[in-house]
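*Asks:* Have a look at the structure that comes next, please.
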Amino acid sequence: MNAAIEELGITAGLLKLEKDEELASYNRLLKEVPIKERKLSGLCWFPVKIVEQSYSLGSNLRLNLQRNPAEKDAHRFQSGSPVLLFDPANHSRFEKAIVIKVDDQKMLVQMHADEIPEWLDDVDPGVQMGFDSRSYQEMEFALNRAINADHNRLAILRDVLLGIKEPQFQDPEIPVPLINSLNESQQKAVELIVKAQDLALVHGPPGTGKTTTLVAAISELCKTEKQVLVCAPSNAAVDHLSRKLQESGLRVLRIGHSARISEDLNSISLEELVRNSREYQEVRELKKKAQEFRNEASKFKRNFGASERARKKELYQESRALVKDASGIEDYIIQKCISNAQAITCTLVGSTFRELKDVSFNTLVIDEAGQALEPMCWIPIQKAQRVVMAGDPYQLPPVVKNVEAARKGLETTLMEKSLDRTRASEMLNVQYRMNEIIMGFSNEWFYRGHLKAHSSVAHHLLNAHQPALSFIDTAGCSFNEVRPEDNGSISNPGEAKVLALIYNELVTDLGYAPECGIISPYREQVRVLKELLHTHEAPIIQSVDAFQGQERDVIFLSLVRSNDEGDIGFLKDYRRMNVAMTRARKKLIIIGDSATLANDPFYEAFLKYAEQFGSYQSAWEWMDKI
36 MNAAIEELGI TAGLLKLEKD EELASYNRLL KEVPIKERKL SGLCWFPVKI
86 VEQSYSLGSN LRLNLQRNPA EKDAHRFQSG SPVLLFDPAN HSRFEKAIVI
136 KVDDQKMLVQ MHADEIPEWL DDVDPGVQMG FDSRSYQEME FALNRAINAD
186 HNRLAILRDV LLGIKEPQFQ DPEIPVPLIN SLNESQQKAV ELIVKAQDLA
236 LVHGPPGTGK TTTLVAAISE LCKTEKQVLV CAPSNAAVDH LSRKLQESGL
286 RVLRIGHSAR ISEDLNSISL EELVRNSREY QEVRELKKKA QEFRNEASKF
336 KRNFGASERA RKKELYQESR ALVKDASGIE DYIIQKCISN AQAITCTLVG
386 STFRELKDVS FNTLVIDEAG QALEPMCWIP IQKAQRVVMA GDPYQLPPVV
436 KNVEAARKGL ETTLMEKSLD RTRASEMLNV QYRMNEIIMG FSNEWFYRGH
486 LKAHSSVAHH LLNAHQPALS FIDTAGCSFN EVRPEDNGSI SNPGEAKVLA
536 LIYNELVTDL GYAPECGIIS PYREQVRVLK ELLHTHEAPI IQSVDAFQGQ
586 ERDVIFLSLV RSNDEGDIGF LKDYRRMNVA MTRARKKLII IGDSATLAND
636 PFYEAFLKYA EQFGSYQSAW EWMDKI
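At position 56 of the sequence shown (counting the first as 1) the number is 91 in my numbering, and the numbers step up by one without a gap.
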């Protein structure tokens, strides 16, 4: 058997483990946790009233839901969340939906249906956080397609991406225009992308201008190709690249649920472009008339006689006929919008939206490929003749909840596999974010010393009195970590107090509040820090994952762990620490217990690095102020 096919079969098995884990967790929530507890946890509203019906692009039903005004409990619903409308008295009656927008009392949801289910006429339903089965279905289908591909383009890409075949390139003598705004490694990356026939990989460490490079490459590709498909695993990453492509002058079309697209990108979203087209007025009129028929039909309940039931059926049929006519016009407008776009942007799963069902592309670009599950990448690969992947395999990996699946390789991305097995990569080696001392440790540990700090940032500081790097050692201060009784997230209140003191001293020394971020790997420590620093000028305080993609002049990193056993928990996820350590531009302050940390080779090496630059301080200097 082809080794790539065998490997994909193993991956499919690991994906099933992950799906089963997530589904079991969700089912436990539905079956074992009472509605009252789910409400208190912010996972459920019950009961809700349907106060209005409307229709989206594509004629999907939208329902405006309102919960009891007396209920003020906080909730976890947000735009884009999958939800379930359910009948608490009958577990077989439910409908899947997506949250379009939500506030404290009202929620607008969209269903994959064109009329309201009859059972919703009889009850006041509940709305519950849902399980995202669609993503798993698309990943399973994509893996199956790749496994069964034979003597076609997908089969060739499968074998190239997994190292069975060598990637092919155009004649190296064919010139690629020199782009003056790019540095040498960025220019080489653009040339690699343009000349690749199968695969090109761009390894973009922090601050090296990966987005700039991709935009330049996509602009170059659009000179010879009608369209390029641009994907990323998250909506935030898609939105970021969409903005930059739009700013470059390309015609960009952003496809996705309107709830998941940033408001500033409305002008290039498919839904907005369709609504603003001159042909859409006829669609509005047809939908208005269809709604009138539906409203009339909704007045007939099932306890009416046979003639009323017949009339209700007739009204719904007339409404559906009008909706079908409206959908035909919409489809024409959609195809016109797609044909006009040079760059079509969406998430990896979003590439399966019906608007792109029969559209294929010469080039697929996957940004942030180092954070994407491998099965998710195979979804858009089916539509492409060649693949470009960009990212950094030394930053945050994809989230895998099943321990066995993670251990057996589901955490390993397709980009990592391709980097290890092919000769189709270019590393961007000049970073434009950090002082070279902040960069130095990550450079040696992760990037083999290949990174260089550009002269514009290599020596920049807050001021002459503020060194670029400080390690504040809490060893001997009795700042022990605190674990709650329910074994939830860990905190270290003493460490947090020292951090708050140092932050306030920094503000006093500078005479202003610098652009600052405070990061901790532990959710509970984030909460403790927010309580200590709650003024209107407080810096942004987030987990490592939430801070991915951001940068600030000053970064504080609270490591939390302090115990007699030398246990550092998931601080052993060095890639997560790489993200945290590379967010700072001018000053990085790390606070932790060297006695606990030094048992690990990564942190032992970092402590030696800090001492090398005179960046080591003891927290005892602040003990009399606590």
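Ideal placement from N, C-alpha and C gives every residue a C-beta, glycine not left out.
Source: prediction; values computed, not measured.
Just to confirm the assignment: which complete beta strand (DSSP E) runs, minimum length 3, are found wholly within the stretch 558-607?
*Replies:* Listed in chain order, they are 575-578 and 587-593.
*Asks:* From PHE328, VAL265, ASP427 and LEU383, pick the residue whose C-alpha is nearest to that of ASN397; which is it?
*Replies:* As a working note, residue 397 is residue 362 in the sequence shown. Taking only the C-alpha atoms, the option nearest ASN397 is VAL265.
*Asks:* Starting from the Cα of ASP393, find the closest Cα among HIS494, ASP299 and LYS418 and give me that residue.
*Replies:* On the sequence shown, residue 393 is found 358 positions in, with the first residue counted as 1. Answer by Cα proximity: LYS418.
*Asks:* Can you look up ARG620 in the DSSP assignment and give me helix, strand or coil?
*Replies:* Position 585 of the sequence shown, counted from the first residue, corresponds to residue 620. The answer is strand: DSSP assigns ARG620 an E or B state.
*Asks:* Along the alpha helix (DSSP H) that carries GLN647, what are the first and last residues, could you check?
*Replies:* Residue 647 sits at position 612 when you count from the first residue of the sequence shown. That run of the alpha helix (DSSP H) goes 636-647.
*Asks:* Between the alpha carbons of ASN215 and HIS569, how many angstroms are there, rounded?
*Replies:* The residue given as residue 215 occupies position 180 in the sequence shown. The residue given as residue 569 occupies position 534 in the sequence shown. Near 46 Å, if we compare the C-alpha coordinates of HIS569 and ASN215.
*Asks:* Between the stretch 248-266 and the stretch 370-377, can you find at least three pairs of beta-carbon atoms closer than 8 Å?
*Replies:* As far as the Cβ criterion goes, the stretch 370-377 touches the stretch 248-266, which means the pair count is three or higher.
*Asks:* In whole angstroms, what separates the C-alpha of GLN406 from that of CYS412?
*Replies:* As a working mapping, residue 406 is identified with position 371 in the sequence shown. As a working mapping, residue 412 is identified with position 377 in the sequence shown. If you take the alpha carbons of GLN406 and CYS412, they lie about 10 Å apart.
*Asks:* Rounded to whole angstroms, what is the Cα-Cα separation between THR243 and ALA404?
*Replies:* The residue given as residue 243 occupies position 208 in the sequence shown. The residue given as residue 404 occupies position 369 in the sequence shown. Answer to the nearest angstrom: the Cα atoms are 16 Å apart.
*Asks:* Evaluate CYS171 with the Cβ neighbour count: other Cβ atoms within 10 Å of its Cβ, from every protein chain shown; 16 or more gives buried, anything less gives exposed.
*Replies:* For this step, residue 171 is matched to residue 136 along the sequence shown. Reading off the sequence, residue 171 comes out as Tyr, not Cys. Burial call: buried.
*Asks:* Decide if the stretch 587-595 is in contact with the stretch 625-636; the criterion is three or more beta carbon pairs, one per stretch, under 8 Å apart.
*Replies:* Yes, they touch.
*Asks:* In the stretch 364-388, which residue ranges form an unbroken beta strand (DSSP E) of at least 3 residues, counting only runs that do not cross its ends?
*Replies:* List check, beta strand (DSSP E) in window: 378-382.
*Asks:* Please name the residue, chosen from GLU317, SER293, SER114 and GLU57, that lies closest to GLU307 on a Cα-to-Cα basis.
*Replies:* Start at 1 with the first residue of the sequence shown, and residue 307 comes out as number 272. Comparing Cα positions, the closest option is SER293.
*Asks:* So LEU408 packs on LEU463, CB below 8 Å; how close in whole Å?
*Replies:* Start at 1 with the first residue of the sequence shown, and residue 408 comes out as number 373. Start at 1 with the first residue of the sequence shown, and residue 463 comes out as number 428. The pair is not a contact, with the Cβ atoms about 24 Å apart (cut-off 8 Å).
*Asks:* Restricting to Cα atoms, I'd like to know which of ASP233, LEU58, SER220 and LEU504 is closest to LEU189.
*Replies:* Locating residue 189 in the sequence shown gives position 154, where the first residue counts as 1. Ranking ASP233, LEU58, SER220 and LEU504 by Cα distance to LEU189 puts ASP233 first.
*Asks:* Can you look up LYS136 in the DSSP assignment and give me helix, strand or coil?
*Replies:* One-based indexing of the sequence shown puts residue 136 at position 101. Three-state result, LYS136: strand.
*Asks:* Whose CA, out of ASP508, ILE472, LEU536 and ASN598, lies closest to the CA of ARG518?
*Replies:* Walking along the sequence shown from the start, residue 518 turns up at place 483. For the residues ASP508, ILE472, LEU536 and ASN598, the minimum Cα distance to ARG518 belongs to ASN598.
*Asks:* Taking a contact to mean a Cβ-Cβ separation below 9 Å, would you say MET146 touches ASN99 in this structure?
*Replies:* Translated into the one-based positions of the sequence shown, residue 146 becomes position 111. Translated into the one-based positions of the sequence shown, residue 99 becomes position 64. For MET146 and ASN99, no; Cβs fall outside 9 Å.
*Asks:* How about the stretch 203-217 and the stretch 427-439: do they share at least three Cβ pairs that are nearer than 8 Å?
*Replies:* Too few Cβ pairs lie closer than 8 Å, so no.
*Asks:* So for TYR90, helix, strand or coil by DSSP?
*Replies:* Counted from its first residue, the sequence shown places residue 90 at position 55. TYR90: strand per DSSP, three-state reduction.
*Asks:* Please classify VAL250: does DSSP put it in a helix, a strand, or coil?
*Replies:* Indexing the sequence shown from 1 puts residue 250 at position 215. In the structure shown, VAL250 sits in a helix (DSSP, three-state: H, G or I).
*Asks:* Among residues of its own chain, excluding the 5 on either side of ASP274, which ones have a beta-carbon nearer than 7 Å to its beta-carbon?
*Replies:* Here the question's residue 274 lines up with position 239 in the sequence shown. Cβ neighbours of ASP274 beyond the five flanking positions: ILE296, SER297 and LEU300.
*Asks:* Mind checking LEU78: buried by the 16 CB within 10 Å criterion, or exposed?
*Replies:* Residue numbering aside, residue 78 sits at position 43 when the sequence shown is read from its first letter. LEU78 comes out buried.
*Asks:* Use the C-beta contact count for GLY552: other C-beta atoms within 10 angstroms, 16 or more gives buried, fewer gives exposed.
*Replies:* Position 517 of the sequence shown, counted from the first residue, corresponds to residue 552. GLY552 is buried by the Cβ-count criterion.
*Asks:* Over the uninterrupted beta strand (DSSP E) stretch that includes MET462, give me the two end residues.
*Replies:* Walking along the sequence shown from the start, residue 462 turns up at place 427. Unbroken beta strand (DSSP E) run through MET462: 460-462.
*Asks:* Is VAL229 helix, strand or coil when you go by DSSP?
*Replies:* Along the sequence shown, read from residue 1 onward, the residue named residue 229 stands at position 194. Residue state, collapsed to three classes: helix.
*Asks:* Out of GLN316, LYS323, SER505 and PRO410, which has the shortest C-alpha to C-alpha gap to LYS622?
*Replies:* Here residue 622 is taken as the residue at index 587 of the sequence shown, counted from 1. The option with the nearest alpha carbon to LYS622 is SER505.
*Asks:* Whole angstroms are fine: how far does the CA of ARG289 sit from the CA of LYS565?
*Replies:* Working through the sequence shown from its first residue, we reach residue 565 at position 530. Working through the sequence shown from its first residue, we reach residue 289 at position 254. Approximately 35 Å between the Cα atoms of the pair.
*Asks:* Quick check: the stretch 645-655 against the stretch 492-504, are at least 3 beta-carbon pairs closer than 8 Å?
*Replies:* Yes, the stretch 492-504 touches the stretch 645-655.
*Asks:* Hey, quick one: how far does the alpha helix (DSSP H) through THR46 stretch, first residue to last?
*Replies:* What you label residue 46 is simply residue 11 of the sequence shown in a count that begins at 1. Note, THR46: alpha helix (DSSP H), 38-67.
*Asks:* Can you check which of these residues, PRO117, ARG180, ARG63 and LEU536, is closest to PRO410 by C-alpha distance?
*Replies:* Taking the first residue of the sequence shown as position 1, residue 410 is located at position 375. That would be ARG180, whose Cα lies nearest to the Cα of PRO410.
*Asks:* Mark VAL438 as exposed unless 16 or more other C-beta atoms lie within 10 angstroms of its C-beta, in which case mark it buried.
*Replies:* Translated into the one-based positions of the sequence shown, residue 438 becomes position 403. The residue in question, VAL438, is exposed, as its Cβ has fewer than 16 Cβ neighbours within 10 Å.
*Asks:* Could you check where the alpha helix (DSSP H) with GLN101 kicks off and where it finishes?
*Replies:* As a first step, residue 101 must be located in the sequence shown, where it is residue number 66. Note, GLN101: premise wrong, no alpha helix (DSSP H); beta strand (DSSP E) at 96-102.
*Asks:* Quick one, which of ALA38, LEU52, ILE40 and ASN37 has its alpha-carbon nearest LYS443's?
*Replies:* As a first step, residue 443 must be located in the sequence shown, where it is residue number 408. LYS443 has its Cα closest to that of LEU52, out of ALA38, LEU52, ILE40 and ASN37.
*Asks:* Runs of 4 residues minimum, wholly inside the stretch 126-196: which ones carry the alpha helix (DSSP H) assignment?
*Replies:* You should have 168-183 and 188-196.
*Asks:* In angstroms, rounded to a whole number, what distance separates the CA positions of PHE476 and LEU449?
*Replies:* Indexing the sequence shown from 1 puts residue 476 at position 441. Indexing the sequence shown from 1 puts residue 449 at position 414. Distance between the alpha carbons of PHE476 and LEU449 is about 27 Å.
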